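Here's the structure, in structure tokens; my notes come after.
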Amino acid sequence: MTEFKTDGDFVAEKYRTLNSYFKEVFGEKVYKLALDGGMTCPNRDGTIGSGGCIFCSEGGSGDFAEKLCGDIHTQLERAKLRVRKKTKTDKFIAYFQSYTNTYADVGYLRRLFFAAISEPSVVGLSIGTRPDCLPSDVLKLLKELNEIKPVFVELGLQTIHKATEILIRRGYPLEVFDEAVKSLKEIGVNTVVHVILGLPHETPQMMLETVKYVGKSGADGIKLQLLHVLKGTELEKMYLRGEFEVLTMEEYIDILCSCIEALPKEIVIHRITGDAPKRLLVAPKWSADKKRVLNCINSELNKRIMER
Ligand code: SF4
């Protein structure tokens, strides 16, 4: 069986992968440097909620991100050192991953993002945020940045279903997501949507409905992420109380492949599994063997293609 090292290498030629998309845009492989921009989240600081989304780790879903050190240039250099073993590229996307990366004064955001794109090796920006944290002055800034280097905005949607939205304490309704995608498209920014497969009490049909919704939303890309139960989260408490079960690998692969098949061919699939730090991962443990998971996904996709 052929082995694949990353999500991006894996589905090339069958679906539009992030690696192939980056090659189209930048002419070569580009690596994302995960960064902490020093912000928090309105769903954690009491503005919308104080506990955060039930699956969110202490690190604000940025557990692999290079910590803020007061100087973005040093931070970028440190992040590059961390990925040196994985890639020889010297083109990078500065990926502001931890917490909500537009939740700050626009002056702070301007200094941070402009400093990041002033680095010659940084060919673009990727900004993880919430759809309810895109006021007009931030949109204006994103438009300005996008005219200099490509900007990707990653929105955490996770689900379109109301009951799950409340259960996971997402803190904004679906209409806010629709509005955010519309605004981002108007300013020409590349929009990527995060969806979690395996949220408590969701059926495969519900997950598929979410993915189809994203496919029709106008988004340019999607991240499909397995639900990880991480230490210290509300989700961990629910899991240990037996309130829901995590997906088996077979279930996940079946749902994931159906989701991939349901997406429009032009949408870029940025992720098909997701990583969780081993020290934090409570369940599902099978997800820690990423190489095996990717090979099994590849086999299932091949099987489905042969059966068409
Ligand atoms: S919006 Fe993001 S950073 Fe904020 S609590 Fe939810 S997952 Fe965590």
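Per my numbering, the very first residue in the sequence shown carries number 1; after that it's consecutive. Beta carbons: idealized from backbone N, C-alpha and C, even for Gly. Computed from a prediction, not measured in an experiment: that's the story for all the values here.
- Beta-carbon to beta-carbon, Val153 and Thr100 are separated by about 12 Å, too far to satisfy the 8 Å threshold.
- With contact defined as three or more Cβ pairs closer than 8 Å, the region 89-105 and the region 21-30 are in contact.
- Among the bridge pairs identified by DSSP, Leu139 is matched with none.
- Classified as exposed, Ala163 has fewer than 16 neighbouring CB atoms from the shown chains inside 10 Å of its CB.
- If you look at Glu154, you'll find it in the beta strand (DSSP E) that goes Val151 to Gln158.
- Three or more Cβ pairs drawn from the region 47-58 and the region 157-173 lie within less than 8 Å of each other, which places the two stretches in contact.
- In the three-state reduction of the DSSP assignment, Ser126 falls in the strand class.
- Taking the C-beta atoms as reference points, Val229 is found nearer than 8 Å to Val282.
- Placement of the Cβ of Gly60 at a distance of less than 7 Å from at least one heavy atom of the ligand SF4 is found.
- If you draw a 10 Å sphere on the C-beta of Ile305, you find fewer than 16 other C-beta atoms in it, and that means exposed.
- The continuous alpha helix (DSSP H) containing Gly215 extends over residues Pro204 to Lys216.
- Less than 8 Å divides the Cβ of Leu224 from the Cβ of Ile269.
- Its chain contains Ala34, Leu35, Asp36, Gln97 and Ser98 as the residues whose beta carbon lies nearer than 6 Å to that of Ala65, once the 5 sequence neighbours on both sides are disregarded; these appear in chain order.
- Remark: the shortest separation between the CB of Asn190 and any heavy atom of the ligand SF4 does not fall under 7 Å.
- Apart from the 5 residues on each side of it in sequence, Gly38 sits with its Cβ closer than 6 Å to the Cβ of Leu68 in its chain, given in chain order.
- For the region 32-113, the continuous beta strand (DSSP E) assignments of 3+ residues that do not extend past its boundaries occur at 92-96, in sequence order.
- Remark: C-beta atoms of Tyr103 and Ser126 do not approach each other more closely than 8 Å.
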